[in-house]
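Data block below; observations after.
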Amino acid sequence: MEAIRVCDLHKSYGDVHVLRGIELEIPRAECVILLGANGCGKSTLIRCLNGLAQPDRGVVDIDGVDIAGIRGRHLRSVRRRIGVVFQHFNLVPNVSVFQNVLYGALGGQPGGLLRTLPAIAPAELRDRAMACLDRVGLADRAGQDCRQLSGGQQQRVAIARTLLQDPDVLLADEPVASLDPRAGRAVMELLLDIVRERGMTVLCSLHQLELASEYGDRVVGMKAGRIELDAPRANVSRDVMGGLYQGVVRVDDAPVAEGPLPVTRSA
Amino acid sequence: MSSFNAPDANLAPPPRFRRPSPFAWVVGLVFLALLVQGVMVMEITPTRLAKGAVNLVDFIGRAFPPNPADLDVIAESMLETLYIALVGVTAGVILSVPFAFLAARNTTPHIAVRVVTRFVIAAMRTIPDLVWALIFVVAVGLGPLAGVLAIVMDTIGFAARFFSERIEEVHPGPSEALESTGAGRFSVIGGAIMPETLASMTATSLFSVEKALRSAVTLGLVGAGGIGVELAAAMRLFNYDEALTIIIAILICVLGFEQLSSAIRRHVI
Numbered sequence: 001m002e003a004i005r006v007c008d009l010h011k012s013y014g015d016v017h018v019l020r021g022i023e024l025e026i027p028r029a030e031c032v033i034l035l036g037a038n039g040c041g042k043s044t045l046i047r048c049l050n051g052l053a054q055p056d057r058g059v060v061d062i063d064g065v066d067i068a069g070i071r072g073r074h075l076r077s078v079r080r081r082i083g084v085v086f087q088h089f090n091l092v093p094n095v096s097v098f099q100n101v102l103y104g105a106l107g108g109q110p111g112g113l114l115r116t117l118p119a120i121a122p123a124e125l126r127d128r129a130m131a132c133l134d135r136v137g138l139a140d141r142a143g144q145d146c147r148q149l150s151g152g153q154q155q156r157v158a159i160a161r162t163l164l165q166d167p168d169v170l171l172a173d174e175p176v177a178s179l180d181p182r183a184g185r186a187v188m189e190l191l192l193d194i195v196r197e198r199g200m201t202v203l204c205s206l207h208q209l210e211l212a213s214e215y216g217d218r219v220v221g222m223k224a225g226r227i228e229l230d231a232p233r234a235n236v237s238r239d240v241m242g243g244l245y246q247g248v249v250r251v252d253d254a255p256v257a258e259g260p261l262p263v264t265r266s267a
Numbered sequence: 001m002s003s004f005n006a007p008d009a010n011l012a013p014p015p016r017f018r019r020p021s022p023f024a025w026v027v028g029l030v031f032l033a034l035l036v037q038g039v040m041v042m043e044i045t046p047t048r049l050a051k052g053a054v055n056l057v058d059f060i061g062r063a064f065p066p067n068p069a070d071l072d073v074i075a076e077s078m079l080e081t082l083y084i085a086l087v088g089v090t091a092g093v094i095l096s097v098p099f100a101f102l103a104a105r106n107t108t109p110h111i112a113v114r115v116v117t118r119f120v121i122a123a124m125r126t127i128p129d130l131v132w133a134l135i136f137v138v139a140v141g142l143g144p145l146a147g148v149l150a151i152v153m154d155t156i157g158f159a160a161r162f163f164s165e166r167i168e169e170v171h172p173g174p175s176e177a178l179e180s181t182g183a184g185r186f187s188v189i190g191g192a193i194m195p196e197t198l199a200s201m202t203a204t205s206l207f208s209v210e211k212a213l214r215s216a217v218t219l220g221l222v223g224a225g226g227i228g229v230e231l232a233a234a235m236r237l238f239n240y241d242e243a244l245t246i247i248i249a250i251l252i253c254v255l256g257f258e259q260l261s262s263a264i265r266r267h268v269i
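Here you go:
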């Protein structure tokens, strides 16, 4: 059974038709790299998979639950099984690294926020949070404010937060786009080591073709709101991946009507 | 050195002065008419201003030296003023927080709730604290309780607005990150929004105390307790030397608290 199944997914922001009938299936424990130029709809797709954006039409099935259209407690219970790593880390400022990691357990704690405050969090949860920080190599930074860390370290804290959440599915939205190449590669290796250890299903969007050609089981390429490429990584050359960035069509430039898209070369 | 040919007519710079629009003329003339009318109605004349200056000199002459005889009573009233300000602001700030979250675009449960809450906050802010004090003197009688309630209302009007504006400025990323873990609305507010806004809320609360301390002084003039009651009595009985002592006590307290508040703000922000 597929962990993620997307059928005929459409999403618009005002007049801009961002997703135009996405069809995607990802089996359990598979790691899929999502490629595509800025504005092609990668982030919107990831947001729809977590319920952060509501699709206009289509099915978003996560482990047998169609999350398109569900809200409230039902949506929150599905989200607990879906971890998200963001491009800009999205750590909470003015609180410690340890507190940020504890927030990963917010969804799974019956006491809500109070049970994740360091002062009153159960010892078992505190120990697990420290183990997650240790796994990403930042156990010695637990007490620091996250703003004192480098970009790469902040992304590691975000990964530790996701680790504590212990999801079945991991969505990573350009997790290394804000990092220098060395830190980006280190974060990517850490992320994929962890998902392999835990057998997570992964959809990770990237821009770096050299990383895309090394990591993941399968490559999916998007262009102007549609999937244009879907193949095992071993079968996809760097040139084919690069083709996704040639003659780039932004969704807000493309016509809304169905049918072949007129591709205009960017200057 | 470069030289230029005479510019084409199309390249002529815009005129140095622009003729005001009819609307600007109307606004200007109405303003001028009201100003002249106001000066005439209030009988602001050089003779009256000169007489006022003489009276002021007479007041200063009779006020000096300040009379410290009732310093214990003044200190007690000043302390009461401080209590009015602190209790009023504390209650006002606590009540401002839910008002602010209901009024902020990114945390309100519904647009209608936002509109109603913003209207209530605006009403609280628009009605002056002295008017609130008069209303509460009628409601709960003379004394400090009326002053406390007046400051609560004034603080909500002031603090809730600034709190809600700060909440709207919060970066949405951390809130989305917490939402994506399955956290509920209150957990997102407490876990992501409060930590980011707390420093600003603290600074606004300290400004509220400064503002309330000055308000609490004047609230006494309408019988809402505090040092204002003593000041009004001293002025009515022409005990200007005692009034000066009270004014100096107010000055010391307000300036002292402003310094303390600035130091705390520097530390917090």
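Quick note, the sequences are listed as chains R and Z, same order. Residue numbers 1 to 267, in this note's numbering, belong to the letters of the first sequence in order. Residue numbers 1 to 269, in this note's numbering, belong to the letters of the second sequence in order. Glycine is no exception: its CB is placed at the ideal position from the N, C-alpha and C atoms.
Taking C-alpha atoms, which residue in the options lies nearest to residue i?
i, options, result
"Z/Glu165", "Z/Ala122, Z/Ile246, Z/Ala100 and Z/Gly143", "Z/Ala100"
"R/Arg5", "R/Arg238, R/Gly64 and R/Leu106", "R/Gly64"
"R/Asp127", "R/Ser150, R/Leu164, R/Leu75 and R/Glu2", "R/Leu164"
"Z/Thr81", "Z/Gly228, Z/Glu258, Z/Ala232 and Z/Phe238", "Z/Gly228"
"R/Leu203", "R/Ile33, R/Met222 and R/Ile62", "R/Ile33"
"R/Gly216", "R/Ser205, R/Lys223 and R/Ala224", "R/Ser205"
Can you tell me whether residue i is helix, strand or coil according to DSSP?
i, result
"R/Ala172", "strand"
"R/His74", "helix"
"Z/Glu80", "helix"
"R/Ala224", "coil"
"R/Gly21", "strand"
"Z/His267", "helix"
"R/Gly58", "strand"
"Z/Pro174", "helix"
"R/Pro232", "strand"
"Z/Pro144", "helix"
"R/Val95", "coil"
"R/Tyr245", "coil"
"R/Val101", "helix"
"Z/Tyr240", "helix"
"Z/Gly28", "helix"
"Z/Ala234", "helix"
"R/Val85", "strand"
Quick one: is residue i near chain Z, going by C-beta distance under 7 angstroms?
i, result
"R/His74", "no"
"R/Gly112", "yes"
"R/Leu163", "no"
"R/Gly107", "yes"
"R/Tyr215", "no"
"R/Arg115", "no"
"R/Gly104", "yes"
"R/Pro93", "yes"
"R/Leu133", "no"
"R/His17", "no"
"R/Val60", "no"
"R/Pro262", "Interpretation of R/Pro262 is limited by its pLDDT of 36, a score under 50 that renders its predicted location unreliable; no figure is taken from the coordinates."
"R/Arg126", "no"
Answer yes or no: does any C-beta atom of chain R fall closer than 7 angstroms to that of residue i?
i, result
"Z/Arg16", "no"
"Z/Gly141", "no"
"Z/Ala104", "no"
"Z/Gly182", "yes"
"Z/Pro174", "yes"
"Z/Leu206", "no"
"Z/Pro65", "no"
"Z/Ala277", "An answer regarding residue 277 of chain Z cannot be provided, because it is not within the stretch 1 to 269 covered by chain Z."
For a cutoff of 7 angstroms on Cβ pairs, would you count residue i as touching chain A?
i, result
"Z/Ser187", "No chain A is present in this structure, whose protein chains are R and Z."
For residue i, count the other beta carbons within 10 Å of its own beta carbon; 16 or more makes it buried, fewer makes it exposed. Which is it?
i, result
"Z/Ile246", "buried"
"Z/His110", "exposed"
"R/Ala129", "buried"
"Z/Lys51", "exposed"
"R/His325", "Absent from the model: residue 325 of chain R. The displayed extent of chain R is 1 to 267, so no value can be given."
"R/Met1", "exposed"
"R/Phe89", "buried"
"R/Leu91", "buried"
"R/Tyr13", "exposed"
"Z/Met40", "exposed"
"Z/Phe23", "exposed"
"R/Asp193", "exposed"
"Z/Arg322", "The shown model of chain Z, from 1 to 269, leaves out residue 322 of chain Z, and the question about it has no answer."
"Z/Trp132", "buried"
"Z/Met42", "exposed"
Which partner residues of residue i appear in the DSSP bridge assignment?
i, result
"R/Thr201", "R/Val169"
"R/Ile33", "R/Cys204 and R/Val219"
"R/His10", "R/Arg20 and R/Arg57"
"Z/Ile127", "None, per the DSSP bridge assignment."
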